[in-house]
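Undergrad: So the sequence shown is residues -23 to -1, 1 to 742, counted in mature numbering (1 follows the signal peptide of the UniProt record, and there is no 0). We treat Cβ as the ideally placed atom computed from N, Cα and C, and that holds for glycine.
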Amino acid sequence: MTVRATLAAALAIVVAAGLMTFASPQIESAKAADSSQFDPGNIISDALFYNNNAMGSAAIQSFLVSKEPGCTSSYACMWNYGQSTPAMAASSYCSAIAATGVMNAANIIFTVGQACGISQKVLLVLLQKEQGLVTATAPTSRNFTYATGFNCPDTSGCDPSYGGFFYQVYYAARQFKIYQAHPTSFNFQAGRVNNIQFNPNAACGSKSVFIQNAATAGLYDYTPYTPNDAAMSNLYGTGDGCSSYGNRNFWAYYTDWFGSTTLGTSLVRTSIDATVYLVSGTTKYPVTSPAILAALFPLGQTATVSQSYLDKFTTSHAVGRSLRGPDGSIYFFDAGILLPFTSCTQVTDYGASCDPSSYTQLTDAQIKSFYPGPLVTPVLGTTSGTRYWITGGTKREILDNQSQAAAGLPAAMNVLSDNAVADLPYAAPVVRDSVFIGQKGTATVDYFQTNALYQVSGDPAQLGATSRLAGSLSSSSLALLPAGTGSFSGAVTAPGDSRTQFLGAAGRYVWPAGVGGFSGTGAFAASQTLIDSYPVAGTIAVGTFVMASGNATVYVVTATSLKPISSWSSLLSLSSTPNPTILTVPAAAIAAAATGPVALTAGSLAYSPGNATVYLINGLTDKIPVSSFDMTSQAGVTALAQFPVSQLEAYPTNPSILGFGYVCGTTKYVAAAGSLHPIAAADLPRFPISFITLDSYTCTQMKIGTPAVIFIRTSDGSIYLLDSDGTKRPVSSLQRFLYPLNGVNIGYLQVSQKLADLIPTGIPA
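#1: Comparing C-alpha positions only, which one of D599, Q619, F620 and V591 sits nearest to F606?
#2: How about S482 and G441: do their beta carbons lie closer than 8 Å?
#3: Among the residues of its own chain, which have a CB less than 7 Å from the CB of P629, if the five just before and after it don't count?
#4: Tell me the rounded alpha-carbon separation between P489 and Q505.
#5: Going by DSSP, which residues form a beta bridge with E374?
#6: Tell me the DSSP bridge mates of R445?
#7: Would you report the Cα separation of W545 and P402, rounded to the nearest angstrom?
#8: For Y592, which beta-bridge partners are listed by DSSP?
#9: Apart from the five residues just before and just after P437, which ones in its own chain have a Cβ nearer than 7 Å to its Cβ?
#10: Hey, how far is the Cα of T340 from the Cα of S13?
#11: Thinking F309 and S320 are a contact (beta carbons under 8 Å), I'd like their distance in whole angstroms, please.
#12: For S451, which residues of its own chain have a beta-carbon under 7 Å away from its beta-carbon, when the five flanking residues on both sides are left out?
#13: Could you pull out every residue in the same chain whose Cβ sits closer than 6 Å to the Cβ of P472, ignoring the five residues on either side in sequence?
#14: Quick check: what's the CA-CA separation for F87 versus Q38?
#15: Per the DSSP calculation, G694 is bridged to which residue(s)?
#16: Keeping to the same chain, check which residues put their C-beta closer than 6 Å to that of V412; ignore five residues upstream and five downstream.
#17: I'd like the list of long-range same chain contacts for T677, defined as Cβ closer than 7 Å, with 5 residues on each side in sequence excluded.
#18: Would you report the Cα separation of D700 and V647, rounded to the nearest angstrom?
#19: Is the beta carbon of K705 less than 8 Å from the beta carbon of A659?
#20: Determine, using beta-carbon pairs with one atom in the region 603 to 617 and one in the region 563 to 576, whether at least three such pairs fall under 8 Å.
#21: Using the Cα positions of A180 and P204, report the straight-line distance between them to the nearest angstrom.
#22: Taking 8 Å as the threshold (C-beta atoms), are Q97 and A192 in contact?
#23: Rounded to a whole number of angstroms, what is the C-alpha to C-alpha distance between S695 and L582?
#24: Would you report the Cα separation of I414 and L376, rounded to the nearest angstrom?
#25: In whole angstroms, what separates the C-alpha of V253 from that of L240?
#26: Please give the ranges of any beta strand (DSSP E) in the region 21 to 75, keeping only runs that are unbroken, at least 3 residues long and fully inside the region.
#27: For L560, which residues does DSSP report across the bridge?
#28: Examine the Cβ distances between the region 103 to 117 and the region 39 to 48 and report whether three or more of them are shorter than 8 Å.
#29: Ignore the nearest five residues each way along the sequence and tell me which others in A(-15)'s own chain have a CB closer than 6 Å to its CB.
#30: Nearest by alpha-carbon distance to F274: which of C641, F347 and S466 is it?
#31: Which same chain residues end up closer than 6 Å to S361 when comparing Cβ atoms and leaving out the 5 residues on each side of it in sequence?
#32: With a cut-off of 8 Å, does the C-beta of A579 fall near any C-beta of chain D?
#33: Counting Cβ pairs closer than 8 Å, one from the region 141 to 155 and one from the region 264 to 278, do we hit at least three?
#34: Given A397, which residues of its chain have a CB within under 6 Å of its CB, disregarding the five upstream and five downstream residues?
#35: Pick out the complete beta strand (DSSP E) segments inside the region 380 to 462, 3 residues or longer, and give them in chain order.
#36: The alpha helix (DSSP H) with D250 in it runs from where to where?
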């Protein structure tokens, strides 16, 4: 079978205007094929030619519509053509095709390509090469009847038994599979030198061509001529009288519409050089960044080519992040997505320019291989959650939504990979005032106020900083913020307030100067914004119990220091309630105050190893020497514990020795029978004993008994009347005590003999 070679009219070359345009619709590109890249022995690779999944029916239909924007035919154009299709039985070349109702041209091309194992792109190019059907705006019915030129020999007319669009597409596809299956049955064979004429006129001569693959051999079997130099020197025009154009035009159409016919990729390298190049038109652009190479994946996998092939292209600048389409539109790209720039200023913001020395020029087919994305925005987010303000060729990391709004930046943003702007240098981040900022990848937290950055010292969680993080920034961004003097410990003062406040996880604690030995110096002058973000958790006063976050030591606040409390019983002895409140404050607050000696149990007895002296622990004030346990037992003090010498010696020693008289507040007491008995002011002369003052903590631990009366009784049964002159007057009998002296109504106070001995004896009562 001889298939006629169609001498198609030469294509009119369309020259791009060369003007930059932004965010405009895609339009038909200028022709991008370069005749120097045409290889008559490898017109198209087998991998591309026999790829039956090259295009889906929807993609084909979209392609046809884009190529015929204004159909004027009274018959049909490709995008609106349809016909009923017959059933085709399965063969060794094509799988079966079921009969259908009306099927449009796109579905016919897709279905035949699938069934016969021929690329749908090849079939589209074949239809254009033979009848110009893809771009024709006014085709005739004959153009569809003999759409692929199948069985239309040069020496006679077309065979009508193969007429009709479906049959033309089907039998042409089937024929190419026959060429592939039986190569020795036809004139042109792969793997050998073939003599191929330039024209049906044998007088025009021929060319020896080494055909490299089955697809190229099949094209010559279908159209048995190779273009001469005249045809190739005017790629989109006419050559001379001996020129033929069929295989030239097939190569040119495929290249213009779908890219390289031999590689299936625009990314190439040689076997001896690892440098990858993006080839476009007559130019090759080095791809020096692995991230950019990964983002160019729509252009195909990297292919290995010969050095001679690579040398055909002029070397230009390295590929950056800006691509230019044939219509002048410039795009930012990442992860296979094209995002149109809207101005040259925006191009500059993203580190490129509208100058050819910056962008990479692509063909229409290359541009269309990317996924069309939205317009470029000034704010760019990344898949890791980082966002940047892209401006002036730099990236400024944005802390959070509020910082973005405070800077007047739009909320809209695109989200791309982290590699999208990896090569842009950092500039100062966008940060609002009075915020805590985390450092990505570390536990470090900083505080930013009045355009200065302060590192948070200590545990940020204890200061409530971790729970109040506005966001996190990279170390590169943080390094571009001015460093403040000193660090941020959590001790702050509010505007117009001289009191120091310590920030903690639960809120802020007000600590007046002087309390607990805290001087109030060195606090950070915080903004009201920061202060207001912490609720008041408590005010530190004398007697308050505090502990540092993460530390079990409890302190009692005194006027001069913080005293660590030795035990739970000690804590209870210093508390006015059985369930004392302990404020958990930042460690910085504890560190800022003076630390006093360990607080022992108020109202208890203590001694140290190697020293027989026993002391009454007088709250937080001092220790009172005890000369006899008789005094302490009469007061109800029985607990005795041993403490290290250092802890006991930290308490000042009271110059007085413990006796039977005590003072709590303004009241004087006498110790008797295990409790303290208040003495009325009028009766004080009756008790000529010494009194020692107890501090408030010890007083709360003492058992208070009934008021003291004017009669006392000793362990031997003796009863005495305490006279106002400071003597004790013996009562001769119980009967006298009860009635003449009215003891029956007054009663007596059972006392220690030692206490009675301290009172001089007077005349009998």
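TA: According to the data block:
#1: As a position in the sequence shown, residue 606 is number 629, starting the count at 1. If we check each option's Cα against that of F606, V591 comes out closest.
#2: On the sequence shown, position 505 is the one that residue 482 refers to. On the sequence shown, position 464 is the one that residue 441 refers to. Reading the sequence as shown, one finds Ala at residue 482 and not Ser. Yes, they are a contact pair.
#3: Locating residue 629 in the sequence shown gives position 652, counting from the first residue. Contacts found: D599.
#4: Within the sequence shown, numbered from 1, the residue matching residue 489 stands at position 512. Within the sequence shown, numbered from 1, the residue matching residue 505 stands at position 528. Approximately 18 Å between the Cα atoms of the pair.
#5: Sequence index remark: in the sequence shown, residue 374 carries index 397 (1-based). The partner list for E374 (beta bridge, DSSP) reads Y365.
#6: Residue 445 sits at position 468 when you count from the first residue of the sequence shown. Beta-bridge pairing links R445 to no other residue.
#7: Mapped onto the sequence shown, residue 545 falls at position 568. Mapped onto the sequence shown, residue 402 falls at position 425. So the alpha carbons of these two residues sit roughly 59 Å apart.
#8: Translated into positions along the sequence shown, residue 592 becomes position 615. DSSP output for Y592 lists A583 and P602 as bridge partner(s).
#9: Here residue 437 corresponds to residue number 460 of the sequence shown, with the count starting at 1. These residues qualify, in order along the chain: V422 and T443.
#10: The sequence position of residue 340 within the sequence shown is 363, counting from 1. The sequence position of residue 13 within the sequence shown is 36, counting from 1. Rounded to the nearest whole angstrom, the CA to CA distance from T340 to S13 is 16 Å.
#11: Locating residue 309 in the sequence shown gives position 332, counting from the first residue. Locating residue 320 in the sequence shown gives position 343, counting from the first residue. Not a contact, Cβ separation roughly 12 Å.
#12: One-based indexing of the sequence shown puts residue 451 at position 474. Closer than 7 Å at Cβ, skipping near neighbours: E374 and K417.
#13: One-based indexing of the sequence shown puts residue 472 at position 495. So the list reads Q505, once near-sequence residues are dropped.
#14: Your numbering for residue 87 matches position 110 in the sequence shown. Your numbering for residue 38 matches position 61 in the sequence shown. Cα-Cα distance, rounded: 10 Å.
#15: Residue numbering aside, residue 694 sits at position 717 when the sequence shown is read from its first letter. Answer by DSSP bridge pairing: none, since G694 is not bridged.
#16: Locating residue 412 in the sequence shown gives position 435, where the first residue counts as 1. These residues qualify, in order along the chain: F425 and A447.
#17: The residue given as residue 677 occupies position 700 in the sequence shown. Answer for T677: S553, listed in chain order.
#18: Looking up residue 700 in the sequence shown gives position 723. Looking up residue 647 in the sequence shown gives position 670. The straight-line gap from Cα to Cα measures roughly 16 Å.
#19: The count along the sequence shown starts at 1 and reaches residue 705 at position 728. The count along the sequence shown starts at 1 and reaches residue 659 at position 682. No, the pair does not count as a contact, with Cβ atoms beyond the cut-off.
#20: No: fewer than three Cβ pairs fall under 8 Å.
#21: By 1-based counting over the sequence shown, the position of residue 180 is 203. By 1-based counting over the sequence shown, the position of residue 204 is 227. One C-alpha to the other measures close to 15 Å.
#22: Counted from its first residue, the sequence shown places residue 192 at position 215. Counted from its first residue, the sequence shown places residue 97 at position 120. Against a cut-off of 8 Å, the Cβ pair of Q97 and A192 comes out as no contact.
#23: Residue 695 sits at position 718 when you count from the first residue of the sequence shown. Residue 582 sits at position 605 when you count from the first residue of the sequence shown. Going from the Cα of S695 to the Cα of L582 covers about 31 Å.
#24: Counting from 1 along the sequence shown, the entry for residue 414 is found at position 437. Counting from 1 along the sequence shown, the entry for residue 376 is found at position 399. I414 and L376: Cα-Cα distance of roughly 8 Å.
#25: Reading the sequence shown from its first residue, position 276 is the one you call residue 253. Reading the sequence shown from its first residue, position 263 is the one you call residue 240. Between V253 and L240, the C-alpha separation is close to 14 Å.
#26: 59 to 62
#27: Taking the first residue of the sequence shown as position 1, residue 560 is located at position 583. As DSSP reads the structure, L560 sits in a beta bridge with V523.
#28: yes
#29: The sequence position of residue -15 within the sequence shown is 9, counting from 1. Legend: pLDDT at A(-15) = 29, less than 50; position of this residue unreliable, value from coordinates given subsequently. Same-chain partners within the cutoff: there are none.
#30: As a position in the sequence shown, residue 274 is number 297, starting the count at 1. For F274, the nearest C-alpha among the options comes from F347.
#31: Position 384 of the sequence shown, counted from the start, is the residue given in the question as residue 361. So the qualifying residues of the chain are D395.
#32: The chain labelled as chain D is not found in the depicted structure, where only one protein chain is given.
#33: no
#34: Reading the sequence shown from its first residue, position 420 is the one you call residue 397. These residues qualify, in order along the chain: D311.
#35: Under the rule that a run must span 3 or more residues, the beta strand (DSSP E) segments found entirely inside the region 380 to 462 read 391 to 393, 403 to 407, 412 to 416, 422 to 426, 429 to 432 and 446 to 450.
#36: Looking up residue 250 in the sequence shown gives position 273. Where D250 is concerned, there is no enclosing alpha helix (DSSP H), although the beta strand (DSSP E) it sits in stretches over D250 to S257.
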